[in-house]
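Everything below concerns the one structure shown next.
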Amino acid sequence: KDGKNGFKLSLRGYDPLYDHRALTDDIGARRFNRAAPDQSLLLLKAVGAIPHVGGVRTTVDSRYYGIIRDWITQGGRLDLETRKASSIEIFPKNPIIPRAGMKQQISVLATFPDGSMRDVTREAFIESGNIEVIDADERGVLTLLRRGEGPVLVRYDGNYAATTLTVMGDRMGFQWAKPKTQNYIDDLVYDKLERVKILPADICSDEDFVRRIYIDITGLPPTVAQVRQFLESEQPSEQRRNNLIDQLVGSKEYIEHWTNRWADLLQVNRKFLGEEGAVALRNWIKQSVAVNKPYNQFAHEVLTANGSTLDNPPAAYYKIIRDPATLMENTTHLFLAVRFNCNKCHDHPFERWTQDQYYSLAAYFSQIGRKEDARFMGKKIGGSAVEGAKPLVEVIFNSGAGEVTHLRTNEVAAPSFPYEHQDTVNEELPRLEKLAHWITSSDNQYFASSYVNRLWGYMFGVGIIEPIDDIRAGNPPTNPELLNALTNDFVKSGFDVQHMLRTICKSRVYQHTVDTNQWNAEDEINYSHAIARRLPAEVLFDAIHVATGSTQGIPGVPKGFRAAELPDVGVKVPFLDDFGRPVRESACECERSTGLVLGPIMKLVNGPTIANALADPSNALFRMEQEFKDGEDGDEKLIEEIFLRFLSRYPTDQEIQIGKLALGEAGSDYLDLRSELDELEKDL
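In my numbering, the protein residues as written are 552 to 1235.
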C-alpha cells in the first residue's frame, strides 16, 4: 500500500499506467537511464550494485535482466494493446505421485485470444496451497514432503488456475474392494478413494445411525422410545434407515433446526430489527423451511423484497445492511460463497475478481430507498456516538436514483455482472430484480454449488470446499466430480433442499462409521470415514435437556422452549454464548465456534445448565429412580434406560456390571453422607 522508501507499485500490476509512471517519471526519472541502461537504478538495485532493502533480486546474466535492459534501451514504452492471455492451464492435471521425497515438474500453458498457446512456466507465479505436503519453487518444480493432498496455485497475466496433487506414500499391501453403493454419491467418492488407495470404513451400526441422523437432521438426539422403535424394527437395515430419513426430513423438529441455521445467515438480531422485527423475520424463514420453498425462490424473495420490514420480513435484509458496497460483499458471500471484499481497493491479489467488478456489482444496490414506517413514527433502535439511531420499522423501496462512485477513477460505476449467464432478463426491470435473476439463475455456476457444498459441510463436518463459504481458484474442491453431480442434481430437482438432504443421508458415505482402518486413518478430506464433531451450542443445550428429561427454563420465553426456537441472539443464555452461538452480525460461517476450549468444557462438569438439569425434580432421572428402585432387576433396567437416553444404544454386559458396581458404591456413599449430615444437624 505505502511502498518502500518512496517507491510504490500497484498490487500484482493491476494498474499499468500508474506503474509505468512510477518507473519512468518519479524522482526525476532516475530509475531509468535510456542513454546508459545498465546505470538505471532499477537494474543497479536489482543486482545489488546499489544496496537497498529488497536485496539482490536477479543477476546481470539472467534472462529477466536482459528483458528489462532491452526495454529501457528501446525507450521504456507502454503498449496497452499488448495481447494478454485469456486463460491458463496447468499440466499434468491432478497428478498422483507414488511417494514422499519425489519431485514433480509442472508446466503452465497460456492461451491467447487468437487461439495460440505458449509455455509461461518461467513467468508464472506458482505457490503451494498446503506447505506441509508440497513445496513449490519458481521454476514449477514441486517437492513432495509427505503423504497427503494439496492444491498448487498458479497466476499469470491476470489469470488463475489450480490443480490438486496427491502424494500416495507407502501403500504396500493395499487391495481395493468396492463396497455396495446406494447412490451416485457413493460411486463418485469411492472412485476417488480407489484412485488414491484409501479403503473406506464400514457402515456404522444402527445405534450410531439413529443418533447421528436425529442430531444432524433435527438438532435433537432421539428419545428412548424412538431408539427402541428403530432398533427393534424387523425391517432390513437399509430400508429402516431410509424410512427414518424420510420421516425426519420435513418434521417439525427439522423445521426448527434448519430455521435456526438460516436465522444465523440472515442475521436475525434485535440489535438491527428490534424484538418484534426479529420474530417476524424468523417466522418468515420458518414458514419457508416448512413448505420446503425452493432455494432459488427463497433467495430471490430475499433479494427483491420491499415494503414494511414488519409486513414483508425479508425486506429486513436491506434494513440490517445499509451500504451498497457492504450489501454487495454480504450478498456474494451468502449466496455465492465468493468473497469480494478483497478487491475493493485493487484487483484481487489471488483471484479473477477486479476492482472494476467490485464497484459495478455494488451499483445494483445503490437505488435502495428506506423510510420510516408511519405506523411506528418516532420509535428508534440502536444508535451510538458514531452512528445515529435508526427507525424501528422501515419501508424498503426502489428509489430509482443513486449511484456508486469508483474509488480509483472517482467516476460513477455502471452496473454490470462479473460474469455473464445465458438466462437473460428484461433490461427494463429494477436493478435488484436483475441482480436477483442473475444470482439465482440455474446457469449461475456459483449459486447452486455453493449451497450444496454448504449442506454437505453441515452433514459431514467438512465441505467439499472448505471453508464451506469460500469458493475460489486457490481453494479447489477435494472432489470436483462429486460437487458437480450434487449441483446438477440440485438444479434438476428444482432447488429442492429436502431432496438433497435425503440424497446425502441415504448414501453409504454418510453412514460410514467413525472407526478407521490402516488405509484411511489419516484421511480428513475424502469422506472415507465419519469425523467426530462437537455439537453446536443450541444442539448441545437441547440434548442435555432431552437426555435428562428436564424442562428448559430460558428467561423471556415459554418454559420448554428449545434453544433452536429462540427468536434471536438477544435472548441471553450464557451457555449458548460459551459454546459458540454466533452473534449474527455477518453472514460468515466463521461466526459460529465449534472448537474445544477449557472454560466451556469445565461448565459441562459443574456449570449451572448441567447442574439444573440434573437437579430438576421433574426430570426423567428422578422418575426412573422411583420406577426401577424396587424389583429384582431394577438396577439393570435403570442402567439400560440411562444408556438409551444418553447414548442411544443398549449397554453391553460388561457395562451393565460396571454400572451395577457404580450404583452400589453410590448408595453406600449416599448413606455415609446422610449419616454425617444427620450428626452435623444434631451438633447444631
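Think of the CB as a built atom: it goes at the ideal place given N, C-alpha and C, for glycine as much as any other residue.
Which of helix, strand or coil DSSP assigns to G699: Counted from its first residue, the sequence shown places residue 699 at position 148. Strand, per DSSP.
Where A713 sits in the DSSP three-state scheme: The sequence position of residue 713 within the sequence shown is 162, counting from 1. Here A713 sits in strand by DSSP.
Delimiting residues of the alpha helix (DSSP H) encompassing Q790: Within the sequence shown, numbered from 1, the residue matching residue 790 stands at position 239. Residues S788 to L799.
Minimum C-alpha distance to N813 - residue among G599, V840 and F1011: Translated into positions along the sequence shown, residue 813 becomes position 262. For the sequence presented, residue 813 should be read as Trp rather than Asn. That would be V840, whose Cα lies nearest to the Cα of W813.
Three-state class that DSSP yields for E1232 in the structure shown: Here residue 1232 refers to the residue found at position 681 when the sequence shown is read from its first residue. In the structure shown, E1232 falls within a helical segment according to DSSP collapsed to helix, strand and coil.
I806 versus A1114 - alpha carbon distance: Indexing the sequence shown from 1 puts residue 806 at position 255. Indexing the sequence shown from 1 puts residue 1114 at position 563. Distance between the alpha carbons of I806 and A1114: 13 Å.
Rounded separation between Y868 and Y970 - CA only: On the sequence shown, position 317 is the one that residue 868 refers to. On the sequence shown, position 419 is the one that residue 970 refers to. If you take the alpha carbons of Y868 and Y970, they lie about 24 Å apart.
Cβ-Cβ separation, V703 to D1119 (assumed contact under 8 Å), whole Å: In the sequence shown, counting from the first residue as 1, residue 1119 sits at position 568. In the sequence shown, counting from the first residue as 1, residue 703 sits at position 152. About 44 Å separates the Cβ atoms of D1119 and V703, ruling out a contact at the 8 Å cut-off.
First through last residue of the alpha helix (DSSP H) which encompasses M668: Numbered from its first residue, the sequence shown carries residue 668 at position 117. Run containing M668: none in the alpha helix (DSSP H); it sits in the beta strand (DSSP E), M668 to D670.
Chain-order list of residues whose beta-carbon lies under 6 Å from that of R903 (same chain, five-residue window excluded): Reading the sequence shown from its first residue, position 352 is the one you call residue 903. Closer than 6 Å at Cβ, skipping near neighbours: Y711.
Opposing strand residues paired with F725 [DSSP bridges]: Residue mapping note: residue 725 aligns to position 174 of the sequence shown, counting from 1. Bridge partners of F725: none, in fact.
C-alpha distance - T715 paired with L1033, whole-angstrom precision: Indexing the sequence shown from 1 puts residue 715 at position 164. Indexing the sequence shown from 1 puts residue 1033 at position 482. Distance between the alpha carbons of T715 and L1033: 15 Å.
Within 9 Å, strictly: CB atoms of H897 and D566: Locating residue 897 in the sequence shown gives position 346, counting from the first residue. Locating residue 566 in the sequence shown gives position 15, counting from the first residue. Yes, these two residues count as a Cβ contact at 9 Å.
H1050 and D1066 closer than 9 Å at C-beta: By one-based count along the sequence shown, residue 1050 stands at place 499. By one-based count along the sequence shown, residue 1066 stands at place 515. It is not a contact, given that the beta carbons lie outside the stated cut-off.
Residue interval of the beta strand (DSSP E) (run including R690): Within the sequence shown, residue 690 is the residue found at index 139, counting from 1. Run containing R690: none; DSSP gives neither H nor E here.
DSSP bridge partner residues for P942 (one or two, in chain order): The sequence position of residue 942 within the sequence shown is 391, counting from 1. DSSP, once it has assigned bridges, lists K931 as partnering P942.
Assumed close pair F1179, A1098 - CB separation to whole angstroms, cut-off 8 Å: Position 628 of the sequence shown holds residue 1179. Position 547 of the sequence shown holds residue 1098. About 17 Å separates the CB atoms of F1179 and A1098; that is not less than 8 Å, and the two are not in contact.
Cβ-Cβ separation, G1012 to V1004 (assumed contact under 8 Å), whole Å: What you label residue 1004 is simply residue 453 of the sequence shown in a count that begins at 1. What you label residue 1012 is simply residue 461 of the sequence shown in a count that begins at 1. The sequence as given places Asn at residue 1004; Val does not occur at that position. Going by Cβ atoms, the distance from N1004 to G1012 rounds to 13 Å, so no, they are not a contact pair.
Start and end residues, alpha helix (DSSP H) containing T1038: Position 487 of the sequence shown, counting from 1, holds the residue named residue 1038. Note, T1038: alpha helix (DSSP H), P1031 to K1043.
Cβ pair N949, I919 closer than 9 Å: Against the sequence shown, residue 949 aligns to sequence position 398. Against the sequence shown, residue 919 aligns to sequence position 368. Yes, Cβ-Cβ distance for N949 and I919 is below 9 Å.
Cβ contact (3+ pairs, closer than 8 Å) linking the segment 764 to 783 and the segment 730 to 743: no
Candidates R669, I647, I657 and G666, of which the one nearest R697 by Cα: The count along the sequence shown starts at 1 and reaches residue 697 at position 146. That would be I647, whose Cα lies nearest to the Cα of R697.
Endpoints, beta strand (DSSP E) assigned at S638: Taking the first residue of the sequence shown as 1, we reach residue 638 at position 87. It spans S638 to F642 - the beta strand (DSSP E) in which S638 sits, taken as one unbroken run.
Sufficient close CB pairs (3 or more, under 8 Å) joining the segment 722 to 731 to the segment 654 to 664: no
Beta-bridge partners of F676, as assigned by DSSP: As a working note, residue 676 is residue 125 in the sequence shown. In the DSSP output, where bridge partners are listed per residue, F676 has R706.
Of the listed residues Q790, D1184 and T883, nearest to W989 (C-alpha basis): Residue 989 sits at position 438 when you count from the first residue of the sequence shown. Selected option, being the one with the closest Cα: T883.
Coarse secondary structure for H1063, derived from DSSP in three states: In the sequence shown, counting from the first residue as 1, residue 1063 sits at position 512. Note: H1063 maps to strand in three-state DSSP.
Span of the alpha helix (DSSP H) around T575: For the purposes of this step, residue 575 is taken as residue 24 along the sequence shown, with counting starting at 1. It spans P567 to T575 - the alpha helix (DSSP H) in which T575 sits, taken as one unbroken run.
First through last residue of the alpha helix (DSSP H) which encompasses I836: Residue 836 sits at position 285 when you count from the first residue of the sequence shown. Run containing I836: R821 to A841, per the alpha helix (DSSP H) assignment.
At least three beta-carbon pairs within less than 8 Å, the segment 1098 to 1112 to the segment 748 to 762: No: fewer than three Cβ pairs fall under 8 Å.
Cβ-Cβ distance between Y1002 and F1041 below 9 Å: To locate residue 1002, count along the sequence shown from 1; it is residue 451. To locate residue 1041, count along the sequence shown from 1; it is residue 490. Yes, they are a contact pair.
Of the residues D721, S859, N863 and G606, the one placed nearest N834, counting alpha carbons only: The residue given as residue 834 occupies position 283 in the sequence shown. Comparing Cα-Cα distances from N834 to each of D721, S859, N863 and G606, the minimum goes to N863.
Collapsed DSSP secondary structure at A776 in the structure displayed: In the sequence shown, counting from the first residue as 1, residue 776 sits at position 225. Residue state, collapsed to three classes: helix.
6 Å CB neighbourhood of R722 in its chain, flanking five on each side removed: As a working mapping, residue 722 is identified with position 171 in the sequence shown. Cβ within range, chain order: K748.
N-terminal and C-terminal residue of the alpha helix (DSSP H) that Q655 is part of: Reading the sequence shown from its first residue, position 104 is the one you call residue 655. Per DSSP, Q655 belongs to no alpha helix (DSSP H); it is in the beta strand (DSSP E), K654 to Q656.
Neighbour-count burial assignment, L1212, 16 or more Cβ in a 10 Å radius: By 1-based counting over the sequence shown, the position of residue 1212 is 661. The residue is exposed, with fewer than 16 neighbouring Cβ atoms inside 10 Å.
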